[in-house]
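Before any comments, here is the structure.
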Amino acid sequence: MWIQQTSTPAPLSELQGHTVGLKFECNQCHTEVFTDSIGVPAADHLANSTEDDGQFEKEEIKCPGCDMTHEITVKSTFEGVTFDVSEVQPASVSYQLNH
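Residue numbers (the working numbering): 4 to 102.
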C-alpha cells in the first residue's frame with residue numbers, strides 16, 4: 004500500500020530497521036519513477052540535541068523517461084522519517100514498507 008508523504012514525518016517506529024520503496028513523479032517528463040529498496044537508518048541516540056539527531060541514507064536514481072538523475076535522501080530523526088527527492092515536490096513522493 005502506497006502512503007503519500009505529508010508535512011508530518013512518517014513514524015520512525017514503523018520504518019526503522021526496514022526497507023522502503025519510493026515512487027514519485029519526475030518533474031521534468033512526468034514519468035512515475037519507482038526506486039529499489041532503500042534502508043531506513045535509525046535516529047542517532049547519542050545526539051546532543053534534537054536538531055542534531057538526523058541519520059541519512061542517500062541514493063541516486065535515473066528517471067527511465069528522460070534520464071534525469073534524482074538524489075534521494077532518507078532522514079531519520081526522533082520526530083520521524085522524511086524522504087527528500089531532488090527537484091520533486093515533497094507531496095508527490097509516496098512510500099511503502101517492503102516486507
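Note that the Cβ used here is the ideal one computed from N, Cα and C, for glycine as well.
Taking the alpha helix (DSSP H) that residue i falls in, what are its first and last residues?
i          : result
residue 17 : 15-18
Do residue j and residue i have their beta-carbon atoms positioned less than 8 angstroms apart in this structure?
i          : j          : result
residue 38 : residue 24 : yes
residue 86 : residue 98 : yes
In this structure, how does DSSP classify residue i when only helix, strand and coil are distinguished?
i           : result
residue 40  : coil
residue 95  : helix
residue 10  : coil
residue 31  : coil
residue 21  : coil
residue 102 : coil
Got a sec, what are the start and stop residues for the beta strand (DSSP E) residue i sits in?
i          : result
residue 88 : 83-88
Would you call residue i buried or exposed, if buried means 16 or more other Cβ atoms sit within 10 Å of its Cβ?
i          : result
residue 6  : exposed
residue 73 : buried
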